[in-house]
Each structure stands twice: as structure tokens, then as C-alpha cells.
Amino acid sequence: MGNLYLATYNAALSVAWGYVLYLTITMSFLQHQSTQELYKELGSVPYPLLWLRYSGFIVLYPLGVASELTMAYLAMPTIKRTSLWAYTMPNALNIGFDYYIVCWLIIAGYLPGLPQLYSYLLGQRRKQLGAAAGKVKAT
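In this text, residue positions in the sequence shown follow UniProt numbering: the first is 1, and each later residue adds one.
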């Protein structure tokens, strides 16, 4: 998935919004990673950090996904026009590959998975923050 992300970013550079969208994805990723690494390093986790870890996705997940999908959508005309990574037949391997079609399939693949993953994340949040709240009240 990382290669698609980088290729889409490179193709989206021809569109001014590409920079803004890349910034939103990067900010979301950095907030998530910094929270996760602090969580791993501290051992005992203060409740505000636990809350941030399990609540940040509520805003960051939709923002990140919307940015990724918008960048991919904006890059599609450039990908099609330049035949980026297209491998047409006939060739030595006797196979054809069209990156443009693969990108559309990946974009379409996001749609059924989004509600399921978001629901799962909400359930994990409820489970973790509910357990943490019980520990705080018990002590």
C-alpha cells in the first residue's frame, strides 16, 4: 500500500491540492505514531495519553482516508494521460498491467471496508476507555 501512496503523491503534485492533502495525511500519521510510540515507551500510561490514543482516530481516520482518496482521484487524469506503470501486450511476459485500473479498484475497495473498520475502532475505544475508567474509579 505504501508504493501506491507514494506513486499517487507523485502524480498528485501536478495539482495544487496535492500538497494540502499530503499535509493532512502526514499530520494525521504523525499524531497517531507519536501517541502510539509514547504509549509503548512509558509502560504505565497516563489516562490523557490513553484517551488521546483511542480518541484521535475519530477525527484523524476520516480526514486521512478522505485525503488519500482525494489525492488518488486527483491523480487519476495524470496517471491515465501518462500511462504511468502501464505494461501493454504484446511483451516478453505475455501479460498486461494497467495501473490506472488498479488505482480505481483500490479506491473502490476502500468503500466497503470503511464502515467496518471504523465500527471496530469505536468498539476498541469503548473497550479500552471503559476499562481504564473502571481502573481510575477503583483506585
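Glycine included, C-beta positions come from ideal geometry on N, C-alpha and C.
Note that the structure is predicted; figures quoted are calculated from it, not measured.
Counting only residues of its own chain and dropping the five nearest sequence neighbours on each side, Tyr99 has a CB closer than 7 Å to the CB of Ile79, Leu84, Trp85 and Ala86.
In this structure, Tyr61 is the residue among Pro46, His32 and Tyr61 with its C-alpha nearest to the C-alpha of Gln116.
Take Ile95, set aside five residues on each side of it, and the residues of its chain with a beta-carbon closer than 8 Å to its own are Tyr87 and Met89, in chain order.
Between the segment 63-74 and the segment 20-33 there are three or more C-beta pairs closer than 8 Å, enough to call the two in contact.
Rounded to the nearest angstrom, the gap between the Cα atoms of Gln128 and Gln36 is 14 Å.
The straight-line gap separating the alpha-carbon atoms of Asn91 and Ile101 is approximately 19 Å. Taking C-alpha positions only, Pro77 is separated from Tyr19 by approximately 17 Å.
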